[in-house]
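In what follows, a structure is listed as structure tokens, so that the remarks can point back to it.
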Amino acid sequence: MIKDIRIGDRVRWESAAGHLRGEVYDIRLGRSAAETLVPWIFIKYFNKLGKEDTTFFCGDEEYLNMLKFQVNFRG
99 MIKDIRIGDR VRWESAAGHL RGEVYDIRLG RSAAETLVPW IFIKYFNKLG
149 KEDTTFFCGD EEYLNMLKFQ VNFRG
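Letter by letter, the sequence shown follows residues 99 to 173 of our numbering.
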């Protein structure tokens, strides 16, 4: 199952660095470690030093639920 996430969405998630917020700038299909085809979600955000950074997540709903990933604003 895949969550409804779109380019331009403002999102938040939890990580070892705390609660982070960013904006989805790209979504691409690719293989996961389990060799299944999944969307990869690319996000721009500002790190703790105030510099723009990027990250990406596997778009599998189970993985995103572990991160408490949610869409805050639909852009």
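By construction, the Cβ of each residue, glycine as well, lies at the ideal position given by its N, Cα and C atoms. Here the structure is a predicted model, which means the values were calculated and not measured.
For residue j and residue i, the rounded distance between their alpha carbons
i: I103; j: A131; result: 21 Å
i: V136; j: R119; result: 22 Å
Start and end residues, alpha helix (DSSP H) containing residue i
i: E133; result: First-last for E133: undefined, no H or E at that position.
Closest residue to residue i among the options (Cα-Cα distance)
i: D107; options: I125, D158, E159; result: I125
i: L127; options: V169, F167, Q168, F155; result: F155
i: A115; options: T134, K146, F140; result: K146
i: T153; options: E159, I139, E133, L162; result: I139
i: I143; options: R129, T134, Y123, E160; result: Here residue 143 is Tyr; the residue named in the question, Ile, does not match the sequence. Looking at the Cα atoms, Y123 is the closest of the given residues.
Start and end residues, beta strand (DSSP E) containing residue i
i: N145; result: No beta strand (DSSP E) holds N145; DSSP gives it neither H nor E.
i: L127; result: 116-129
Identity of the residues DSSP links to residue i by a beta bridge
i: I139; result: I125, F155
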